[in-house]
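Taken in sequence, the protein lines are chains R and W. First residue of the first sequence? That's 637 in the working numbering, and the numbers climb one at a time after it. First residue of the second sequence? That's 637 in the working numbering, and the numbers climb one at a time after it. Built from N, CA and C at the ideal position, the CB exists for glycine as well. Computed from a predicted structure; not experimentally measured.
Protein chains: 2
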Amino acid sequence: EDLKKQQSVTTSDPYSSDPVRHPALRVNSLKPFNAEPPPEILSDSYITPSAIFFKRNHLPVPQVDPGSYRLYIEGLPGGVLTLSLEDLKTKFPKHTVTATLQCAGNRRSEMNKVKQVKGLNWGIAAISNATWSGAKLRDVLLAAGYGPDVAKWARHVQFEGLDKDVSGTTYGASIPLNKAVSEEGDVLLAYEMNGEDLPADHGFPVRVVVPGTVGARNVKWLGKVTVSAEESGSHWQQNDYKGFSPGTDWDTVDFKSAPAIQELPIQSAITVPADGGVVERSSGEVTVKGYAWSGGGREVVRVDVSLDGGKTWQVAQLKDGENEAPPPPGRAWAWKLWEVQAPLPPEAQELEIICKAVDDSYNMQPDSVPPIWNLRGVLSNAWHRVKVKITEDESGE
Amino acid sequence: EDLKKQQSVTTSDPYSSDPVRHPALRVNSLKPFNAEPPPEILSDSYITPSAIFFKRNHLPVPQVDPGSYRLYIEGLPGGVLTLSLEDLKTKFPKHTVTATLQCAGNRRSEMNKVKQVKGLNWGIAAISNATWSGAKLRDVLLAAGYGPDVAKWARHVQFEGLDKDVSGTTYGASIPLNKAVSEEGDVLLAYEMNGEDLPADHGFPVRVVVPGTVGARNVKWLGKVTVSAEESGSHWQQNDYKGFSPGTDWDTVDFKSAPAIQELPIQSAITVPADGGVVERSSGEVTVKGYAWSGGGREVVRVDVSLDGGKTWQVAQLKDGENEAPPPPGRAWAWKLWEVQAPLPPEAQELEIICKAVDDSYNMQPDSVPPIWNLRGVLSNAWHRVKVKITEDESGE
Ligand SMILES: [Mo]
Ligand SMILES: [Mo]
């Protein structure tokens, strides 16, 4: 009987109700599900199709019935505000924001090559861009009683997901109050992604979208919002998703000494050609493509590309989204795809192609990985480098 | 007679009424006056004494009579608002902000060593920190008729100085409207520096202080404020103070292609020991001091220091201002001084000491100068490096 019970527990896999995923995704972890699209597909579209948008789950995907779903807004003087999905859709204006999300661990694999780090071995595609629609968090907080009196003591807005581990601990995170309540912060309680209901992997029925802020604070399957004097006490806010000096190791690390990652730094990467790829001499030129993005609403203003390992640089052409108006100042939440077409250097057998981006605060990417290496492998934003071979093809006539 | 006239013009030097300056300043240009303090003095005090605060004048210092001084606020529906110095002091609440100003050309000399650039050859001390008091620009704009209707079309706030060249052209610059009118932007029409009337070199009787923004927008000897749909048309806004790719030269540069510098990127430098200095072996250790600052209200959260040219790093101790409350989030306008005391590596004859800082968006400084070199030599924020010799002193017993 004990054996039977054990088997029944074993077979009740909490991941068994996870959704079916797109076969093109490169899987880093199945349970929880973590996967990224192939880079060359990523840069094909300004808006990433939801099916190939990178997936970063910390826990099993919860199954939420949209009819009985309730969102609780807590910590405000009026008491708890309870909202159904219908309430969220009908009682508040619907806002739409195009925003790029990036995992703190994007490009971690490059840090792993320097020295082993702890975390999923992400390539360069744990970043994607989508259109999100929902109620503004600001509007919901105002409806729940937020006002100048609250601003006196409150400092953070905490989010709790409906996803939980076997012990019942839910995913949680928080953002600074001023981001949450600012007219220009554009924080959404989103119920649509790319014009459709949120997919199960992206937080159905409601997630937070915090434009310009690390993926980890964009809590999915949102169950509770709490206005507080304190940051979220969750593991992911307190003891994870923080940056440290390359000299800090697991014996000496003090997680209290570093701030939780919120806004992300300037980032860019080359999606085409792939590292280790080949270019044909006869083509005479090479086309280099990639993405660039910066956190905090800072707009990418330039991408420099080198074909000779960083000795000389040319300026890439930045492509805006089609039919997208230029973002208001300080609210450039979406990435820019970019492209360069350059003649092949006549003598070269191999190219080291590098990209580096600049944002409108003129922040630049660091040159190399070792000096920004950190034990969790987060914030990996050094210049991106790919090596390609030039092949002398004999196709001819 | 013609000769006489010519001589009289020649001797009427527009700089003849410039104030007397502190003899410790290192002069980069006398007319206009541009000078910086010795680095080791700079890091002696969190608040830089006004006399040694770096001076960056584009034109002769105008002599302004405080009694007849008038400030004009233009471009708003109610017409021109004219304010006397007394009006500014008595009709608006007095606000005090501690803010670091940095010249766009700070550390330009390091770029000059890579390849010649155009501009004053600043060392590492074209940056200083002071306490500024005055009316909030926001309050003055509201009094002058700024409101939601203006926000629909206005995008910039232009400033015009009373300093002019021989042809009568005045210094001018602008900042984005949202910085100017935000409650949290802390932009001041300042009439005090470090608790006293503004010194002549720093804009007496009124200057703009735009915390987190490049020095060039902090217009001194302020004569006019204009709310506009357009940026300032001045040379300094349009055809100067912009960043470019290292591959861009004076033949190919298109000033329209780059945004005017506003928020500055993460910066740090070593003030002690000086480059080329010596450390005595017998002391057994070396004390390294410096400053770190980031634009846009981003707080410096860490400074890494290396004694071995970047192979290994230790974390410096950050020193806050005495009696200063921690800044509200997103409003860290002041620098942090920092210090490290480290044992001398036993074998070394020479040390290459490096510092690099990190702000709360986890932006990092680039490793090296050549990839960020630009024809105007601005935004020079690569890791700062100094070399010192270790001397075997024979003092003994
Ligand atoms: Mo993440
Ligand atoms: Mo400057």
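Note down, one range per segment and in chain order, each alpha helix (DSSP H) of at least 4 residues found wholly within the region 665-711 of chain R. 675-678
Whole angstroms is fine: what's the gap from Gly866(R)'s alpha carbon to Ile990(R)'s? Translated into positions along the first sequence, residue 866(R) becomes position 230. Translated into positions along the first sequence, residue 990(R) becomes position 354. Checking the sequence shown, residue 866(R) turns out to be Glu, not Gly. Rounded to the nearest angstrom, the two C-alpha atoms are 42 Å apart.
Who pairs with Val939(W) in a beta bridge, going by DSSP? Here the question's residue 939(W) lines up with position 303 in the second sequence. Beta-bridge pairing links Val939(W) to Ala993(W).
Check the DSSP bridge columns for Pro812(R) and list the partner residues they point to. Indexing the first sequence from 1 puts residue 812(R) at position 176. The partner list for Pro812(R) (beta bridge, DSSP) reads His792(R).
Terminal residues of the continuous alpha helix (DSSP H) containing Trp872(R)? The residue given as residue 872(R) occupies position 236 in the first sequence. Segment 871-874, the alpha helix (DSSP H) holding Trp872(R).
Please compile the residues from chain W whose C-beta is within a distance smaller than 7 Å of the C-beta of Gly741(R). What you label residue 741(R) is simply residue 105 of the first sequence in a count that begins at 1. What Gly741(R) touches in chain W: nothing, since even the nearest Cβ is about 13 Å away.
Quick check on Asp833(R) - is its C-beta less than 9 Å from some C-beta in chain W? Indexing the first sequence from 1 puts residue 833(R) at position 197. No, its Cβ sits nowhere closer than 9 Å to a Cβ of chain W.
Can you list, in chain order, the residues of the region 926-949 of chain W whose Cβ is nearer than 7 Å to any Cβ on chain R? Gly931, Gly932, Val937, Arg938, Asp940, Gly946, Thr948, Trp949
Using a Cβ cut-off of 8 Å, pull out every chain W residue sitting near Ala894(R), in sequence order please. Taking the first sequence and counting its residues from 1, one reaches residue 894(R) at position 258. Result: Val937, Arg938.
Close beta carbons around Arg917(R), own chain, < 6 Å, minus the five adjacent residues each side: One-based indexing of the first sequence puts residue 917(R) at position 281. Excluding residues within five positions, the ones whose Cβ falls inside 6 Å are Ile1026, Glu1028.
Determine whether the Cβ of Leu973(R) lies closer than 9 Å to any Cβ atom of chain W. Counted from its first residue, the first sequence places residue 973(R) at position 337. No, Leu973(R) does not count as interfacial toward chain W.
Looking only at its chain, what residues have a beta carbon closer than 6 Å to the beta carbon of Asn1017(W), apart from the 5 residues adjacent to it on each side? To locate residue 1017(W), count along the second sequence from 1; it is residue 381. Pro901, Gln903, Gln1001, listed in sequence order.
When DSSP labels each residue in this structure, what does Leu719(W) get in the three-state scheme? In the second sequence, counting from the first residue as 1, residue 719(W) sits at position 83. Residue state, collapsed to three classes: strand.
Gln643(W) in three-state terms, based on DSSP: The sequence position of residue 643(W) within the second sequence is 7, counting from 1. Residue confidence for Gln643(W) is low, a pLDDT of 47 falling below 50, so the modelled location carries little weight; the figure read from the coordinates is stated next. Helix, per DSSP.
Shortest alpha-carbon distance to Val716(R) belongs to which of Val861(R), Ala910(R), Ile677(R)? Your numbering for residue 716(R) matches position 80 in the first sequence. Nearest of Val861(R), Ala910(R), Ile677(R) to Val716(R), Cα basis: Val861(R).
Distance cutoff 9 Å, beta carbons only. Does Val845(W) sit that close to anything in chain R? For the purposes of this step, residue 845(W) is taken as residue 209 along the second sequence, with counting starting at 1. Judged by the 9 Å Cβ criterion, Val845(W) is not in contact with chain R.
What in chain R is Cβ-close to Ile897(W), meaning under 7 Å? Counting from 1 along the second sequence, the entry for residue 897(W) is found at position 261. Correct list: Tyr998.
Taking the Cβ atom as the reference point for each residue, do Val663(R) and Gly770(R) lie within a distance shorter than 9 Å? The sequence position of residue 663(R) within the first sequence is 27, counting from 1. The sequence position of residue 770(R) within the first sequence is 134, counting from 1. No, the pair does not count as a contact, with Cβ atoms beyond the cut-off.
In the DSSP output, which residue or residues are listed as bridge partners for Val663(W)? Position 27 of the second sequence holds residue 663(W). Its beta-bridge partners are Ala671(W).
Limits of the unbroken beta strand (DSSP E) element including Leu900(W): Position 264 of the second sequence, counted from the first residue, corresponds to residue 900(W). Leu900(W) -> no beta strand (DSSP E), and no H or E assigned at all.
Is it buried or exposed, Val733(R), if we count other Cβ atoms within 10 angstroms and call 16 or more buried? To locate residue 733(R), count along the first sequence from 1; it is residue 97. With 16 or more Cβ atoms within 10 Å of its Cβ, Val733(R) is classed as buried.
For the region 936-954 of chain R and the region 657-677 of chain W, state whether three or more C-beta atom pairs, one from each stretch, are separated by less than 8 Å. no
What is the DSSP secondary structure of Asp944(R), reduced to helix, strand or coil? Here residue 944(R) refers to the residue found at position 308 of the first sequence. It is a strand residue.
Run the CB neighbour count on Ser764(R), radius 10 Å, all protein chains shown included, and call it buried at 16 or more, exposed below. In the first sequence, the residue the question calls residue 764(R) occupies position 128. By the 10 Å Cβ count, Ser764(R) comes out buried.
CB of Arg1012(R) within 9 Å of CB of Val802(R), strictly: The sequence position of residue 1012(R) within the first sequence is 376, counting from 1. The sequence position of residue 802(R) within the first sequence is 166, counting from 1. It is not a contact, given that the beta carbons lie outside the stated cut-off.
Beta-carbon proximity list for Lys641(R), same chain, < 6 Å, skipping 5 on both sides: The count along the first sequence starts at 1 and reaches residue 641(R) at position 5. Caution applies to Lys641(R), whose pLDDT of 48 falls short of 50 and renders its modelled position unreliable; the value that the coordinates give is listed next. No residues qualify anywhere along the chain.
Give the C-beta separation of Arg967(R) and Asp775(R) to the nearest angstrom, bearing in mind that I take them to be a contact with Cβ-Cβ under 8 Å. Taking the first residue of the first sequence as position 1, residue 967(R) is located at position 331. Taking the first residue of the first sequence as position 1, residue 775(R) is located at position 139. About 17 Å; that fails the 8 Å criterion.
Pull out every residue of the region 797-822 of chain W whose Cβ sits closer than 9 Å to any Cβ of chain R, in chain order. Pro812, Leu813, Asn814, Lys815, Ser818, Glu820
Using the beta-carbon count (16 or more within 10 Å), is Tyr998(R) buried or exposed? On the first sequence, position 362 is the one that residue 998(R) refers to. When all chains shown are included, Tyr998(R) counts as buried.
Counting only beta-carbon separations shorter than 9 Å, does Leu1015(W) have a partner in chain R? Taking the second sequence and counting its residues from 1, the one referred to as residue 1015(W) is at position 379. Answer yes: the Cβ-Cβ gap between Leu1015(W) and chain R drops below 9 Å somewhere.
Quick check on the DSSP output: the beta strand (DSSP E) that includes Glu916(R) runs from which residue to which? In the first sequence, counting from the first residue as 1, residue 916(R) sits at position 280. Unbroken beta strand (DSSP E) run through Glu916(R): 914-916.
So which residues of chain B does Val994(W) contact, with C-beta pairs closer than 8 Å? In summary, chain B is missing from the structure at hand, where the protein chains are R and W.
Residues in the region 960-985 of chain R having any Cβ partner in chain W nearer than 7 Å: Pro965, Gly966
Less than 8 Å between C-beta atoms, sequence neighbours within five positions excluded: which residues of the same chain meet that for Ala826(R)? Counting from 1 along the first sequence, the entry for residue 826(R) is found at position 190. Correct list, in chain order: Trp768, Ser769, Gly770, Leu834, Gly839, Val842, Arg843, Val844, Val845.
In whole angstroms, what is the alpha-carbon distance linking Ala766(R) and Ala740(W)? As a first step, residue 766(R) is located in the first sequence; it is residue number 130 there, counting from the start. As a first step, residue 740(W) is located in the second sequence; it is residue number 104 there, counting from the start. Ala766(R) and Ala740(W): Cα-Cα distance of roughly 36 Å.
Is the shortest distance between the beta-carbon of Ser720(W) and the beta-carbons of chain R less than 9 Å? Along the second sequence, one-based indexing puts residue 720(W) at 84. Answer no: the Cβ-Cβ gap between Ser720(W) and chain R never drops below 9 Å.
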